[in-house]
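Colleague:
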Amino acid sequence: MTWLTPDETTALYLSLNVAGRSVLLDLPIAILIAWLLTRGRFVGRTALDAIVHLPMVLPPVVVGFALLLVFGTRGLIGAWLDRVFDIQLVFTRNGAALATAVMTLPLMVRTIRISLENVDRGLEDAARTLGAGPLDRFATITIPLILPGILAGAVTAFSAGLGEFGAVITFVSNIPGETRTLPLALYTALQLPGGNTEAIRLACISFGLGLSGLLVSEWFARRLRIRFGR
Amino acid sequence: MLRIRLQKRRANFALDAEFEMPTPGVVALFGRSGCGKSTLVNIIAGLLRADSGSIELDGRVLLDTATGTCVAPEARQIGYVFQDTRLFPHLGVEANLRYAERRAHAPAFVSFDAVANLLDLGPLLPRRTHQLSGGEKQRIAIGRALLRQPRLLLLDEPLASLDAARRDEVLPYLETLRDQLAIPMVYVSHQFDEVLRLATHLVIMDAGATVASGEIGEMSLQAPLRAIIGPDAVGAVIDAEVLGTDASSGLQRVRVGRGELAVLAPSATPGAKMRLQILARDVIVATEEPHGLSVRNRLRGTVTAIVSDDAHADLISIDIGGTALLARITKAATRELALRPGVSTWALIKSVSLRGRSFQSAAITSLGSPDG
């Protein structure tokens, strides 16, 4: 990519890498939570619903700070991960992916949940009378039916993840080549005298990424409507 | 034998069902919309729970709340054909059928090819489900349920969402199914003509309860059925043996009780049984042998019962030798002819409706019968 500077390329690559891994981390969790919220009958369902959606209403800095407390080197889980697996999250791109995953989880849960609510339970019943057990039904009926929703959720979360700023900078700081994603690079450029041109270039890259994300997401949503016959 | 005894209570609804049916055979659950027929089949399939009761099919207990036995729906080996077909939209036609085939338990008694032939599915296999007509969808749904290798087939108003032409297209397939495979069927309907074509047994439901059940000929004479289908549709249903063709008239002779009737059924083969319906309003009662009438079909019989049908009419049951007819005549006529049980009469039959082939277990063909 000759028309991007090495620093821009690094920031773009980091953003894609962090957002991509956050989506992979989110997917199984989001499907499970969406399933529990749609089909589960248990005490604490409302609480789970609220906790999952917290990152949407909290300032991202608060989420980042909370992650520091829990996953920091002296945090409950952070210290354990460090001791047992030698995994450090603070100041690393792994940490950036985790912060992004937490921030985008509600987006994905919401999309998958709407798909699940639209699934015709009668089809699952039909599969049941044909001899399909619970896991079989889930894998061969439910998942294929909500697949467009899952993909749309993943694309939305990925696009949003590319631009995650507050939680990332709070949790893993702004380290060039490790945690300086596109929005962090843009913020850095704005801090430098004469960095406006650089900031505009970075903003344009972000704009292009976001727009393609929305278009892909819209395409999946249309597939979903076709699949459910609407 | 299929034995059902089920109760379920809800705030605004109570189900209380009890009936038995020999297998193979087709039992029709018949009643007005909303009388609990679908609830009952959903409980039989295991998709809904009953408060108490039991389901026994050919000696296998599928549900018994007294002992805590409840076989999961996926293990009941009951095929279910839904009114709305419920074909999987993300799978093609063939994949829908294979879905059932792959999950069916051995021993298989009907093969994929046999089902495809029986229902003429061949040309539909490469299609997507949304490219099918309503009748075609229902045929695929029936095929899919069959490939589950079911010991019982539930059909919940499979023709209700089809227009008349599509219904006539699917109905013969159901008849073929009944005659060629030895699968017991529970057929839910609120259309009496469908029931007449297919059922061997009838369970009449009203407000969540099974009010009467039995063999269809016997049930056709009873009051609960009249309450649902109305006075104009009441009449004896008789499975009559075809004797042969009368050379002079070209009509087919069929045995009904001790007597014979002449009907127009060119496709009937001697020895086969066909289902006749003789509406009560089409039967004229005479106490002496009548002369000089255009009505040719007449049967000798004995009055067995007189039931008041409404303010002006009586329903007269006439035994014609092991089989009974119903005649609807005015109360004035009952008085004038001094009809009472034991009186010997002539029944003059103005018209006979043919209602398709009768079911005979002996007609089961080379497709074989389920093991065990």
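Chains as they are written, first to last, in our numbering: chain B, 1 to 230; chain S, 1 to 372.
C-beta atoms are modelled at their ideal positions from N, C-alpha and C, and glycine is treated no differently.
Where are the beta strand (DSSP E) runs, 3 residues long or more, that stay fully inside the region 15-44 of chain B, in chain order?
Modeller: List check, beta strand (DSSP E) in window: nothing returned.
Colleague: For ARG127 of chain S, would you say it is in contact with chain B, using Cβ-to-Cβ distances shorter than 9 Å as the test?
Modeller: As a first step, residue 127 of chain S is located in the second sequence; it is residue number 127 there, counting from the start. No, ARG127 of chain S does not count as interfacial toward chain B.
Colleague: For the region 69-84 of chain S, enumerate the residues whose C-beta is nearer than 9 Å to any C-beta of chain B, in chain order.
Modeller: From the region 69-84 of chain S, only ALA72, PRO73, GLU74, ALA75, ARG76, GLN77, ILE78, GLY79, TYR80, PHE82, ASP84 have a Cβ closer than 9 Å to chain B.
Colleague: To which residues does DSSP link ASP16 of chain S through a beta bridge?
Modeller: For this step, residue 16 of chain S is matched to residue 16 along the second sequence. ASP16 of chain S pairs with S:GLN7, S:ALA209.
Colleague: So with CB distances below 7 Å, who are the chain B contacts of PHE88 of chain S?
Modeller: Within the second sequence, the letter at position 88 stands for residue 88 of chain S. In chain order: LEU123, ILE141.
Colleague: Closest to THR304 of chain S by C-alpha separation, out of S:ARG103, S:ILE320, S:LEU293, S:ILE78, would be which residue?
Modeller: For the purposes of this step, residue 304 of chain S is taken as residue 304 along the second sequence, with counting starting at 1. THR304 of chain S has its Cα closest to that of S:ILE320, out of S:ARG103, S:ILE320, S:LEU293, S:ILE78.
Colleague: Could you please tell me which residues of the region 12-46 of chain S, in chain order, have their CB closer than 7 Å to any CB of chain B?
Modeller: The residues in question are ALA45.
Colleague: Tell me the DSSP secondary structure of LYS373 of chain S in three-state form.
Modeller: Beyond the ends of chain S as shown, which are 1 and 372, falls residue 373 of chain S; an answer cannot be given.
Colleague: Using DSSP with H/G/I as helix, E/B as strand and the rest coil, what is ASP319 of chain S?
Modeller: Position 319 of the second sequence, counting from 1, holds the residue named residue 319 of chain S. Correct three-state label for ASP319 of chain S: strand.
Colleague: Looking at C-beta atoms only, is the number of pairs between the region 336-351 of chain S and the region 268-287 of chain S that lie closer than 8 Å three or more?
Modeller: These segments touch.
Colleague: For VAL203 of chain S and ILE228 of chain S, what's the separation of their Cα atoms in angstroms?
Modeller: Start at 1 with the first residue of the second sequence, and residue 203 of chain S comes out as number 203. Start at 1 with the first residue of the second sequence, and residue 228 of chain S comes out as number 228. Cα to Cα, the separation comes out at about 12 Å.
Colleague: With a Cβ-Cβ cutoff of 9 Å, do ILE349 of chain S and LEU225 of chain S count as a contact?
Modeller: Taking the second sequence and counting its residues from 1, the one referred to as residue 349 of chain S is at position 349. Taking the second sequence and counting its residues from 1, the one referred to as residue 225 of chain S is at position 225. Result no, Cβ atoms of ILE349 of chain S and LEU225 of chain S do not sit closer than 9 Å.
Colleague: Hey, could you find the ends of the beta strand (DSSP E) GLY161 of chain B is sitting in?
Modeller: Here residue 161 of chain B is taken as the residue at index 161 of the first sequence, counted from 1. No beta strand (DSSP E) holds GLY161 of chain B; the alpha helix (DSSP H) holding it covers 143-162.
Colleague: Name the one or two DSSP bridge partners that LEU98 of chain B has.
Modeller: Position 98 of the first sequence holds residue 98 of chain B. Its beta-bridge partners do not exist; DSSP assigns none.
Colleague: Taking Cβ to Cβ, would you say LEU202 of chain B is nearer than 9 Å to LEU186 of chain B?
Modeller: Numbered from 1 along the first sequence, position 202 holds the residue referred to as residue 202 of chain B. Numbered from 1 along the first sequence, position 186 holds the residue referred to as residue 186 of chain B. Contact flag set, yes.
Colleague: ALA100 of chain S versus chain B: which residues are under 7 Å apart at the beta carbon?
Modeller: Within the second sequence, numbered from 1, the residue matching residue 100 of chain S stands at position 100. Simply LEU130.
Colleague: To the nearest angstrom, report how far apart ARG223 of chain B and VAL216 of chain B are at their CA atoms.
Modeller: Walking along the first sequence from the start, residue 223 of chain B turns up at place 223. Walking along the first sequence from the start, residue 216 of chain B turns up at place 216. Roughly 11 Å between the two C-alpha positions.
Colleague: According to DSSP, is HIS312 of chain S helix, strand or coil?
Modeller: Residue mapping note: residue 312 of chain S aligns to position 312 of the second sequence, counting from 1. Residue state, collapsed to three classes: coil.
Colleague: So, is ASP282 of chain S buried or exposed, given that buried needs 16 or more other C-beta atoms within 10 angstroms?
Modeller: Residue 282 of chain S sits at position 282 when you count from the first residue of the second sequence. Result: buried.
Colleague: Does the Cβ-Cβ distance between PHE158 of chain B and THR104 of chain B come in under 9 Å?
Modeller: The residue given as residue 158 of chain B occupies position 158 in the first sequence. The residue given as residue 104 of chain B occupies position 104 in the first sequence. Result yes, Cβ atoms of PHE158 of chain B and THR104 of chain B sit closer than 9 Å.
Colleague: Check whether the Cβ of THR104 of chain B lies closer than 8 Å to any heavy atom of the ligand COA, and answer yes or no.
Modeller: The ligand COA is not part of the structure shown, which contains no ligands of any sort.
Colleague: Nearest to VAL256 of chain S by CA position, among S:ASP246, S:SER248, S:GLY230, S:VAL242, is which residue?
Modeller: The count along the second sequence starts at 1 and reaches residue 256 of chain S at position 256. Of the candidates S:ASP246, S:SER248, S:GLY230, S:VAL242, the one whose C-alpha sits nearest the C-alpha of VAL256 of chain S is S:VAL242.
Colleague: Check for me: the alpha helix (DSSP H) holding MET219 of chain S runs from which residue to which?
Modeller: Translated into positions along the second sequence, residue 219 of chain S becomes position 219. Unbroken alpha helix (DSSP H) run through MET219 of chain S: 216-219.
Colleague: Give me the Cα-Cα distance between LEU29 of chain S and LYS37 of chain S, rounded to the nearest whole angstrom.
Modeller: For the purposes of this step, residue 29 of chain S is taken as the residue at position 29 of the second sequence. For the purposes of this step, residue 37 of chain S is taken as the residue at position 37 of the second sequence. Going from the Cα of LEU29 of chain S to the Cα of LYS37 of chain S covers about 6 Å.
Colleague: Pick out whichever of S:ALA280, S:SER308, S:ALA313 has its Cα sitting closest to the Cα of LEU326 of chain S.
Modeller: Locating residue 326 of chain S in the second sequence gives position 326, where the first residue counts as 1. Closest by alpha carbon: S:ALA280.
Colleague: For the beta strand (DSSP E) holding THR330 of chain S, just list the boundary residues, first then last.
Modeller: Counted from its first residue, the second sequence places residue 330 of chain S at position 330. Counting along the chain, the beta strand (DSSP E) containing THR330 of chain S begins and ends at 324-330.
Colleague: So, helix, strand or coil for ARG103 of chain S, using DSSP?
Modeller: Counting from one through the second sequence, the residue named residue 103 of chain S turns up at place 103. Residue state, collapsed to three classes: helix.
Colleague: Going by DSSP, which residues form a beta bridge with GLU8 of chain B?
Modeller: By one-based count along the first sequence, residue 8 of chain B stands at place 8. None; GLU8 of chain B has no bridge partner.
Colleague: Taking buried to mean at least 16 other C-beta atoms within 10 Å of its own C-beta, is GLY105 of chain S buried or exposed?
Modeller: Within the second sequence, residue 105 of chain S is the residue found at index 105, counting from 1. It should be noted that the sequence gives His, not Gly, for residue 105 of chain S. HIS105 of chain S is exposed by the Cβ-count criterion.
Colleague: Measure the alpha-carbon distance for HIS312 of chain S versus ALA332 of chain S and round it to whole angstroms.
Modeller: Translated into positions along the second sequence, residue 312 of chain S becomes position 312. Translated into positions along the second sequence, residue 332 of chain S becomes position 332. Approximately 8 Å between the Cα atoms of the pair.
Colleague: For ARG178 of chain S, count the other beta carbons within 10 Å of its own beta carbon; 16 or more makes it buried, fewer makes it exposed. Which is it?
Modeller: Stepping through the second sequence from its first residue, residue 178 of chain S is reached at position 178. Answer is buried; the Cβ neighbour count reaches 16.
Colleague: Do PRO176 of chain B and SER206 of chain B have their C-beta atoms within less than 9 Å of each other?
Modeller: To locate residue 176 of chain B, count along the first sequence from 1; it is residue 176. To locate residue 206 of chain B, count along the first sequence from 1; it is residue 206. Result no, Cβ atoms of PRO176 of chain B and SER206 of chain B do not sit closer than 9 Å.
Colleague: Quick check: the region 46-61 of chain S against the region 100-118 of chain S, are at least 3 beta-carbon pairs closer than 8 Å?
Modeller: The region 100-118 of chain S vs the region 46-61 of chain S: no contact.
Colleague: Short check: CB of LEU384 of chain S to CB of ILE142 of chain S, under 9 Å?
Modeller: Since the first residue shown for chain S is 1 and the last is 372, residue 384 of chain S is missing from the structure and cannot be characterised.
Colleague: Tell me, please, whether the CB atom of ALA233 of chain B is closer than 9 Å to any CB atom in chain S?
Modeller: Since the first residue of chain B shown is 1 and the last is 230, residue 233 of chain B is not available in this structure.
Colleague: So, is the C-beta of ARG230 of chain B closer than 9 Å to a C-beta in chain S?
Modeller: Within the first sequence, residue 230 of chain B is the residue found at index 230, counting from 1. In this prediction, ARG230 of chain B scores a pLDDT of 44, lower than 50, which makes its location untrustworthy; the coordinate-derived value is nonetheless stated afterwards. Output row for ARG230 of chain B: interface = no.
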